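Protein chains: 2
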Amino acid sequence: MTRTTSPRTSRRAVYETLRRKVLTLELPPGAALSENELAASLGVSRTPVRESLILLVEEGLVQVFPQVGSFVSRVDPDKVADAQFLREAVELASLEDLPAEPDPEIVAELRRNLEEQRRPGLTVEDFFALDEAFHHGLLRLAGHGSAWATVVSAKGHLDRARRLGLQETPPSGFAEQHVDILEAVLSGDVGRARAAMRTHLRAVFDDVEAIRERSPELFASASGSVPVRRNVVVWE
Amino acid sequence: MTRTTSPRTSRRAVYETLRRKVLTLELPPGAALSENELAASLGVSRTPVRESLILLVEEGLVQVFPQVGSFVSRVDPDKVADAQFLREAVELASLEDLPAEPDPEIVAELRRNLEEQRRPGLTVEDFFALDEAFHHGLLRLAGHGSAWATVVSAKGHLDRARRLGLQETPPSGFAEQHVDILEAVLSGDVGRARAAMRTHLRAVFDDVEAIRERSPELFASASGSVPVRRNVVVWE
DNA sequence: CGCGCAGTACTTGTATACAAGCATCGGTCG
DNA sequence: CGACCGATGCTTGTATACAAGTACTGCGCG
Chain D
1 MTRTTSPRTS RRAVYETLRR KVLTLELPPG AALSENELAA SLGVSRTPVR ESLILLVEEG
61 LVQVFPQVGS FVSRVDPDKV ADAQFLREAV ELASLEDLPA EPDPEIVAEL RRNLEEQRRP
121 GLTVEDFFAL DEAFHHGLLR LAGHGSAWAT VVSAKGHLDR ARRLGLQETP PSGFAEQHVD
181 ILEAVLSGDV GRARAAMRTH LRAVFDDVEA IRERSPELFA SASGSVPVRR NVVVWE
Chain G
1001 MTRTTSPRTS RRAVYETLRR KVLTLELPPG AALSENELAA SLGVSRTPVR ESLILLVEEG
1061 LVQVFPQVGS FVSRVDPDKV ADAQFLREAV ELASLEDLPA EPDPEIVAEL RRNLEEQRRP
1121 GLTVEDFFAL DEAFHHGLLR LAGHGSAWAT VVSAKGHLDR ARRLGLQETP PSGFAEQHVD
1181 ILEAVLSGDV GRARAAMRTH LRAVFDDVEA IRERSPELFA SASGSVPVRR NVVVWE
């Protein structure tokens, strides 16, 4: 028997840490990353840090300018729109493949999820985790759960923008929209489910547009954003 | 002015070479890859080879078993189905966003593309390049050209399966289906375009299923495929 | 005071060295 | 003859050293 899963490698830990920090805006868009600094701060060598950065570049969350520096990428409105389009396409298409008899286990899980979404005192991070699980669950209901991974890796920009928006907007409306979607799905009315899902996803997108007007500095400017080298501070 | 594009790094060259060899089946599914061997054969050190392999793992084209070996991943039917679903969702959704007045430049390009597809003596690689360009062009026509990148990185498994199929099946039928799609698109009949596109993509998928029955050894078995370590050959 | 230019400290890219682990081969013992 | 068991070669993971290049700093000069 060979181990095919999770050899608990150091790179994976670094990658997950960095990705979380970028997505939660703990590392804000535009922040300068130094392979050496990250390595020292995480207690590893440059190698796993560097390899993690390569993966984050692949996801579009980090930009690397050779011989200049690495930076958390600014939220690119074009990429946000791409992610939105891709997500909407996948989630709407999955509704077409819903079985007549939905898996009761997943349905129960979705109901519990919706209850938790209405629980008071929910943090932004909690809500995001529940939101992720809800949409992933809907895809699993249609037999396309594994396609969620691709959506996840593509919607990094969208997620950061949403997080910016959720810091000021309570998620009350979204939770109700989730209820609408699930009810439509369980009633077997694909048309209504599509409409509810589209309304929901578009609301999310509009929210992003609103936050963009208020905090344009976190978004990529149209002209090629030139990275600013950190001032060199010598301590002695 | 800072360079934001293609610093002609060694890793990129290695990555593109390896990816091409995997997709063209020059490195067939199941083939054992050795970082040291690849480095020596490509005239670089392990570092860029290793970093390229990490990217290929991310795309699902390569599997790495720590302390055991790296292998070209077998074609996973589940991942093929995922890619098919994702692709169909994206391409069908893009049809909804077609503008009333399609960009004449892209249209001309698509027409030229279709003409070339009918040219006799087309190699499999030529047809694949044209097929890629055609579908990408349709997305660009709808203003979602950049979403193609995500589809590309997700459909590696699908592409390899298709290539297996195309080695025996002439692409005549596909070219005609392409014509049908473009005509429907240009006529503005979204419903007919959707039907033509769906027919086409499903035909591709059925082709994959057919080849799977003939060459099951290239596909991943249901039970966890155990990699076979190369025999150690000592020369002296 | 302003401009130019060299020095310097930092960046990422690449190469190499070391560490840990698995699988096979070959010898040994029952 | 068969089974166990250690040596050995490979594998990938990590750490470190070197190379090439960029941008800032600060001194010198006009």
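Here the protein sequences come in this chain order: D and G.
Numbering follows the working numbering, in which position 59 of the first sequence is assigned residue number 59; successive positions increment by one, without gaps.
Numbering follows the working numbering, in which position 222 of the second sequence is assigned residue number 1222; successive positions increment by one, without gaps.
For each residue, glycine too, the CB sits at the ideal point set by N, CA and C.
Bear in mind that the values here come from a model prediction, so they are computed numbers and not experimental data.
Short CB-CB distance (under 8 Å) between residue i and chain D
{"i": "G/I1054", "result": "yes"}
{"i": "G/L1095", "result": "no"}
{"i": "G/E1058", "result": "yes"}
{"i": "G/D1237", "result": "This structure leaves residue 1237 of chain G out entirely; chain G is present only between 1001 and 1236."}
{"i": "G/D1189", "result": "no"}
{"i": "G/D979", "result": "This structure gives no information on residue 979 of chain G, because the portion of chain G shown stretches from 1001 to 1236."}
Which residues DSSP lists as bridging residue i, in chain order
{"i": "D/S70", "result": "D/L33 and D/V64"}
{"i": "G/V1075", "result": "G/F1219"}
Reduced DSSP category for residue i - H, G, I as helix; E, B as strand; rest coil
{"i": "D/V44", "result": "coil"}
{"i": "G/R1202", "result": "helix"}
{"i": "G/L1018", "result": "helix"}
{"i": "G/D1097", "result": "coil"}
{"i": "D/G156", "result": "helix"}
{"i": "D/D82", "result": "helix"}
{"i": "G/P1028", "result": "coil"}
{"i": "D/D103", "result": "coil"}
{"i": "D/E116", "result": "helix"}
{"i": "D/D189", "result": "coil"}
{"i": "G/H1144", "result": "coil"}
{"i": "G/L1122", "result": "coil"}
{"i": "D/T9", "result": "coil"}
{"i": "D/E91", "result": "helix"}
{"i": "G/E1209", "result": "helix"}
{"i": "D/E51", "result": "helix"}
{"i": "G/E1059", "result": "coil"}
Contact list for residue i against chain G, beta-carbon separation under 8 Å
{"i": "D/H144", "result": "D1082 and F1085"}
{"i": "D/A147", "result": "D1082, F1085 and L1086"}
Listed by chain order, chain D residues near residue i by CB distance under 7 Å
{"i": "G/V1090", "result": "L86 and A89"}
{"i": "G/A1242", "result": "Any property of residue 1242 of chain G remains undetermined from this structure, which presents chain G solely from 1001 to 1236."}
Local Cβ density within 10 Å of residue i, reported as buried at 16 or more and exposed below that
{"i": "G/E1213", "result": "exposed"}
{"i": "G/Q1084", "result": "buried"}
{"i": "D/R118", "result": "exposed"}
{"i": "G/D1131", "result": "buried"}
{"i": "G/P1048", "result": "buried"}
{"i": "D/V64", "result": "buried"}
{"i": "G/G1121", "result": "exposed"}
{"i": "G/T1150", "result": "buried"}
{"i": "G/S1041", "result": "exposed"}
{"i": "D/D206", "result": "exposed"}
{"i": "G/S1187", "result": "exposed"}
{"i": "D/F113", "result": "A small correction: the amino acid at residue 113 of chain D is Asn; Phe does not occupy that position in the sequence shown. Buried is the call here."}
{"i": "D/G191", "result": "exposed"}
{"i": "G/D1082", "result": "buried"}
{"i": "D/G156", "result": "buried"}
{"i": "D/V68", "result": "exposed"}
{"i": "D/L61", "result": "buried"}
{"i": "G/A1203", "result": "exposed"}
{"i": "G/E967", "result": "Any question about residue 967 of chain G goes unanswered here, given that chain G covers just 1001 to 1236."}
Where residue i meets chain G, residues with beta-carbon distance less than 9 Å
{"i": "D/E51", "result": "R1050, E1051 and I1054"}
Short CB-CB distance (under 8 Å) between residue i and chain G
{"i": "D/T199", "result": "no"}
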